[in-house]
Amino acid sequence: LDDAIIRSGRLSEHIEIGLPDADSRIGILDTHLDAPRAEGLDLDIFRVDSEGLNAADMEQVAVNAAREAMLREDVVRTKDIQSGIDQIQ
Numbered sequence: 044l045d046d047a048i049i050r051s052g053r054l055s056e057h058i059e060i061g062l063p064d065a066d067s068r069i070g071i072l073d074t075h076l077d078a079p080r081a082e083g084l085d086l087d088i089f090r091v092d093s094e095g096l097n098a099a100d101m102e103q104v105a106v107n108a109a110r111e112a113m114l115r116e117d118v119v120r121t122k123d124i125q126s127g128i129d130q131i132q
C-alpha cells in the first residue's frame, strides 16, 4: 500500500495475513481446479513446489493448468499443474 494511505489517522487497524500453509494451498488448488482431472491425480505432491505461493497464485495455477489441458483437449494432468506453478514462480 502507498504510505499516504496507511499514515497515522487513516486506518484504525493494520492486519497482516501471512501465506497459506501446505494444507491450505492444496485446498485452494482443489477448490479452484474445476476442469476434469486425470484419474488418480494427487494434488498432495505439490505441497513443496507451491511453497511461497499465496491464495491468488494458487487460483492462477488452477486456471493455467485447466487452460493447458483444454488446449490439448484432455483432462488436467500432473504436468499441467506443475507447469502452472512454474509459470507463477
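Each residue of the sequence shown is one higher than the one before, counting from 44 in the numbering used here.
Just so you know, even glycine gets a beta-carbon here, dropped at the ideal spot from N, CA and C.
Please read all numbers here as calculations on a predicted model, not as lab measurements.
Straight across, the Cα-Cα distance linking R120 with R110 is about 11 Å.
Secondary structure note for I71: its alpha helix (DSSP H) is the uninterrupted segment A65 to H75. Scanning N107, L62, D85 and A108 for the CA closest to the CA of E94 turns up L62.
About 7 Å separates the CB atoms of F89 and I128; that is less than 8 Å, so the two are in contact.
CA-CA distance, S55 to A78, rounds to 42 Å. Just measuring C-alpha positions, the residue of I71, V118 and R53 sitting nearest G83 is V118. Residue A105 holds the alpha-carbon nearest to the alpha-carbon of I69 among A105, K122 and D123. Looking at the backbone, the Cα of L72 and that of E59 are separated by about 22 Å. A direct Cα-Cα distance of roughly 12 Å separates I124 from D100.
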